[in-house]
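S.K.: Using my numbering, the first residue of the sequence shown is number 1, and each one after it goes up by one. Don't be surprised by glycine CBs; every beta carbon is placed ideally from N, CA and C. Nothing here was measured: the structure is a model prediction, and the numbers come from that model.
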Amino acid sequence: MSAPPRLLERQQLRKALTGYPVLTLPAEVTSEIFMQFLPPYPQRPSLVGPLSPSFLLRICRQWRDVALATPALWSTVALDMESLHARQLSLLNSWLQRSGHCPLSIALVCPFNTQHTPYITALAEAILTHSSRFREMDLRIPLEDLARFTAPMPLLRSLTVGPTQYLTAKSRIPGQLPWSPFLHAPMLKDVVLSLFFNPFCITLPWSHVTSLTATLFCNEAAEILRHTTILEICNIDIYNSVNGNLPQVTAITPIPVRSLRLLLKDTDHRQDTATMQQFFSMLAFPALEALAVSECFLGADPIAAILSLCQQGYPQRIAIHHACTARSVFESAFPGAELSVASLES
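#1: For Ala214, which option in Gln311, Phe200, Tyr239 has the closest C-alpha, if you only look at C-alpha atoms?
#2: How long is the line joining the alpha carbons of Ser211 and Val66, rounded to whole angstroms?
#3: What alpha helix (DSSP H) runs, 4 residues minimum, are completely inside the stretch 138-204?
#4: Rounded to whole angstroms, what's the CA-CA distance from Pro142 to Pro254? Just pull it up for me.
#5: Look at Tyr41 and Ser105 and say whether their C-beta atoms are less than 9 Å apart.
#6: Hey, Arg44 and Leu68: beta-carbon distance below 9 Å or not?
#7: With a 10 Å radius around its C-beta and 16 neighbouring C-beta atoms as the bar for buried, classify Phe149 as buried or exposed.
#8: Assign Ala326 to one of three DSSP states: helix, strand, or coil.
#9: Could you spell out the range, first to last residue, of the beta strand (DSSP E) harbouring Val65?
#10: Under 9 Å between the Cβ atoms of Thr117 and Arg140?
#11: So, is Phe217 buried or exposed, given that buried needs 16 or more other C-beta atoms within 10 angstroms?
#12: Can you give me the C-alpha to C-alpha distance between Ala305 and Val341, rounded to a whole angstrom?
#13: Rounded to a whole number of angstroms, what is the C-alpha to C-alpha distance between Ala287 and Ala319?
#14: Could you check how far apart the C-beta atoms of Leu298 and Phe280 are, in whole angstroms? I think they sit under 8 Å.
#15: How is the alpha helix (DSSP H) around Arg98 delimited, first residue to last?
#16: Over the uninterrupted alpha helix (DSSP H) stretch that includes Glu125, give me the two end residues.
#17: Tell me which residue opens and which closes the alpha helix (DSSP H) that Asn113 is part of.
#18: Rounding to the nearest angstrom, what Cα-Cα distance links Ser94 and Ala72 in this structure?
#19: Among Asp190, Gln36, Ser180, Leu47, which residue has its Cα nearest to the Cα of Ile202?
#20: Between the alpha carbons of Ser207 and Pro26, how many angstroms are there, rounded?
#21: How would you call Met276, buried or exposed, if buried means at least 16 neighbouring beta carbons within 10 angstroms?
#22: Within its chain, find whatever has a CB closer than 6 Å to the CB of Cys102; leave out the 5 residues flanking it on each side and keep chain order.
#23: Just the Cα atoms here: how many angstroms apart are Gly175 and Ser328?
#24: Let me make sure I understand the geometry here. Which of Ala78, Pro256, Asp272, Cys296 has the alpha-carbon closest to that of Leu283?
#25: Which first and last residues belong to the alpha helix (DSSP H) in which Cys218 is found?
#26: Give the range of the alpha helix (DSSP H) segment to which Ala304 is assigned.
#27: Along the chain, where does the alpha helix (DSSP H) containing Ala274 start, and where does it finish?
#28: Considering only the beta carbon of each residue, do Leu264 and Asp237 sit closer than 9 Å?
#29: From Ser294 to Ala124, what does the alpha carbon distance come to, in whole angstroms?
#30: Quick check on the burial criterion: 16 or more other C-beta atoms within 10 angstroms. Buried or exposed for Ile252?
#31: Leaving out five residues on either side along the sequence, give the residues of the same chain with a beta carbon under 8 Å from the beta carbon of Met35.
#32: Grab me the residues of Tyr166's own chain with a C-beta within less than 8 Å of its C-beta, minus the 5 sequence neighbours each way, in chain order.
#33: Which residues does DSSP list as the beta-bridge partners of Ser294?
#34: Buried or exposed, going by whether 16 or more other CB atoms sit within 10 Å of the CB of Asn350?
#35: If you draw a straight line from the C-alpha of Arg172 to the C-alpha of Glu144, how long is it?
#36: Could you tell me which residues DSSP pairs with Leu79 in its beta bridges?
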């Protein structure tokens, strides 16, 4: 005997109320919710853990099916090289397969002073299998493994890169034949260099780059800026080194930089101001709109140095760091500019 219609309706209502309404959502809605689970760029989820998409696979079969059917969920990942485990390589391969044809955002970052190992090479090779889909990459790995990244990368737009170990004095000699990874990345625009990057050892397709962030010696910065012909945003911290030198004093071809941040990395030690001022005098940024600079780069006549940098006019936003010159001097020279002057004591 079947239950009365009213009783059946009541049973169905109770079942709905005590169930999981989220499971009644359409798969495409659930998929979009899962995408919000990912951290915002430039952060990337790890292979495992509560903030990893892998965690969704363990909730229920329905969520697992939706997650596996959402390639974009697997298009970004960060490998934790401080807690390596045997399954990391197999997990990485599965992860990248799930990403389908989506552009990739991957971080493979080793701690400083990490030496070359077969395991790191295996991870690099697994990633390289998908080089045609690289879009944003963060690769701070041993130099031997960086040198492997020579495959075409037609989608690569953003790159953080550098070796894990300080390069030897011999490798810093200008003129030495450099490694040339990433040369087949015609869309590369945004580059961040790690602390141990040396342009005399590693060369990038500088002529494509429009945004550069780095910490360098004066001669290294000069070497890069000679080739960044369309650079628009330049953020460089300069190492304070009394041993720095610029062996060939030649002006750098004017670059369309709109924003320049050029600061001294270390202010507590004896400064090689001659080299810093020599480097600054080589620059020509006629389109400059915003300037932040340590005054030690400007020499005895900071106003003339800034005007020479811009060639015509002056930036509308000027920030002088580690200043010795009075603010009033800059206010008189650059009327109407948005001005910030921070002294050495401030």
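M.R.: In this structure, then:
#1: On the sequence shown, position 214 is the one that residue 214 refers to. The shortest Cα separation from Ala214 among Gln311, Phe200, Tyr239 belongs to Tyr239.
#2: Here residue 211 corresponds to residue number 211 of the sequence shown, with the count starting at 1. Here residue 66 corresponds to residue number 66 of the sequence shown, with the count starting at 1. Roughly 38 Å separates the two Cα atoms.
#3: 143-146
#4: Residue mapping note: residue 142 aligns to position 142 of the sequence shown, counting from 1. Residue mapping note: residue 254 aligns to position 254 of the sequence shown, counting from 1. One C-alpha to the other measures close to 34 Å.
#5: Here residue 41 refers to the residue found at position 41 when the sequence shown is read from its first residue. Here residue 105 refers to the residue found at position 105 when the sequence shown is read from its first residue. Yes, these two residues count as a Cβ contact at 9 Å.
#6: Counted from its first residue, the sequence shown places residue 44 at position 44. Counted from its first residue, the sequence shown places residue 68 at position 68. Their beta carbons are not under 9 Å apart, which means Arg44 does not touch Leu68 by this criterion.
#7: In the sequence shown, the residue the question calls residue 149 occupies position 149. Under this definition Phe149 is a buried residue.
#8: For the purposes of this step, residue 326 is identified with residue 326 of the sequence shown, where counting begins at 1. In this structure, Ala326 counts as coil in the three-state DSSP scheme.
#9: Taking the first residue of the sequence shown as position 1, residue 65 is located at position 65. Residue identity check: residue 65 is Asp in the sequence provided, not Val. Where Asp65 is concerned, there is no enclosing beta strand (DSSP E), although the alpha helix (DSSP H) it sits in stretches over 61-68.
#10: Translated into positions along the sequence shown, residue 117 becomes position 117. Translated into positions along the sequence shown, residue 140 becomes position 140. Going by C-beta atoms, Thr117 is not nearer than 9 Å to Arg140.
#11: On the sequence shown, position 217 is the one that residue 217 refers to. Its Cβ being crowded by 16 or more others within 10 Å, Phe217 is buried.
#12: To locate residue 305, count along the sequence shown from 1; it is residue 305. To locate residue 341, count along the sequence shown from 1; it is residue 341. Their Cα atoms are separated by approximately 16 Å.
#13: Locating residue 287 in the sequence shown gives position 287, counting from the first residue. Locating residue 319 in the sequence shown gives position 319, counting from the first residue. One C-alpha to the other measures close to 17 Å.
#14: By one-based count along the sequence shown, residue 298 stands at place 298. By one-based count along the sequence shown, residue 280 stands at place 280. Going by Cβ atoms, the distance from Leu298 to Phe280 rounds to 7 Å, so yes, they are a contact pair.
#15: The residue given as residue 98 occupies position 98 in the sequence shown. Segment 88-98, the alpha helix (DSSP H) holding Arg98.
#16: Position 125 of the sequence shown, counted from the first residue, corresponds to residue 125. 118-128 is the span of the alpha helix (DSSP H), which, as asked, contains Glu125.
#17: For this step, residue 113 is matched to residue 113 along the sequence shown. Segment: none, Asn113 is in no alpha helix (DSSP H) and carries neither H nor E.
#18: In the sequence shown, residue 94 corresponds to position 94, counting from 1. In the sequence shown, residue 72 corresponds to position 72, counting from 1. Their backbone Cα atoms lie some 14 Å apart in a straight line.
#19: Your numbering for residue 202 matches position 202 in the sequence shown. The shortest C-alpha separation from Ile202 is found at Ser180.
#20: On the sequence shown, residue 207 is found 207 positions in, with the first residue counted as 1. On the sequence shown, residue 26 is found 26 positions in, with the first residue counted as 1. Cα-Cα distance, rounded: 47 Å.
#21: As a position in the sequence shown, residue 276 is number 276, starting the count at 1. With 16 or more Cβ atoms within 10 Å of its Cβ, Met276 is classed as buried.
#22: Walking along the sequence shown from the start, residue 102 turns up at place 102. So the qualifying residues of the chain are Pro71, Ala72, Ser75.
#23: Here residue 175 corresponds to residue number 175 of the sequence shown, with the count starting at 1. Here residue 328 corresponds to residue number 328 of the sequence shown, with the count starting at 1. The predicted model places Gly175 with a pLDDT of 46, which falls under 50 and marks its position as unreliable, so this point remains unresolved.
#24: Here residue 283 is taken as the residue at index 283 of the sequence shown, counted from 1. It is Pro256.
#25: Position 218 of the sequence shown, counted from the start, is the residue given in the question as residue 218. Where Cys218 is concerned, the enclosing alpha helix (DSSP H) stretches over 218-225.
#26: In the sequence shown, the residue the question calls residue 304 occupies position 304. Note, Ala304: alpha helix (DSSP H), 302-310.
#27: The residue labelled residue 274 in the question sits at position 274 within the sequence shown. Ala274 -> alpha helix (DSSP H) spans 273-281.
#28: Numbered from its first residue, the sequence shown carries residue 264 at position 264. Numbered from its first residue, the sequence shown carries residue 237 at position 237. Yes, the Cβ-Cβ distance between Leu264 and Asp237 is below 9 Å.
#29: As a working mapping, residue 294 is identified with position 294 in the sequence shown. As a working mapping, residue 124 is identified with position 124 in the sequence shown. Their backbone Cα atoms lie some 39 Å apart in a straight line.
#30: Numbered from 1 along the sequence shown, position 252 holds the residue referred to as residue 252. Ile252 is buried by the Cβ-count criterion.
#31: The sequence position of residue 35 within the sequence shown is 35, counting from 1. Only Thr70, Ala72, Leu73 meet the Cβ criterion.
#32: Along the sequence shown, one-based indexing puts residue 166 at 166. Excluding sequence neighbours, Tyr166 sits near Phe196.
#33: As a position in the sequence shown, residue 294 is number 294, starting the count at 1. His321.
#34: Because the chain spans 1 through 346 in this model, residue 350 falls outside it and cannot be assessed.
#35: Translated into positions along the sequence shown, residue 172 becomes position 172. Translated into positions along the sequence shown, residue 144 becomes position 144. Since pLDDT at Arg172 reaches only 45, below the 50 mark, its modelled position is unreliable, and the value read off the structure follows with that caveat. About 16 Å.
#36: Within the sequence shown, numbered from 1, the residue matching residue 79 stands at position 79. DSSP lists Leu108 as partners of Leu79.
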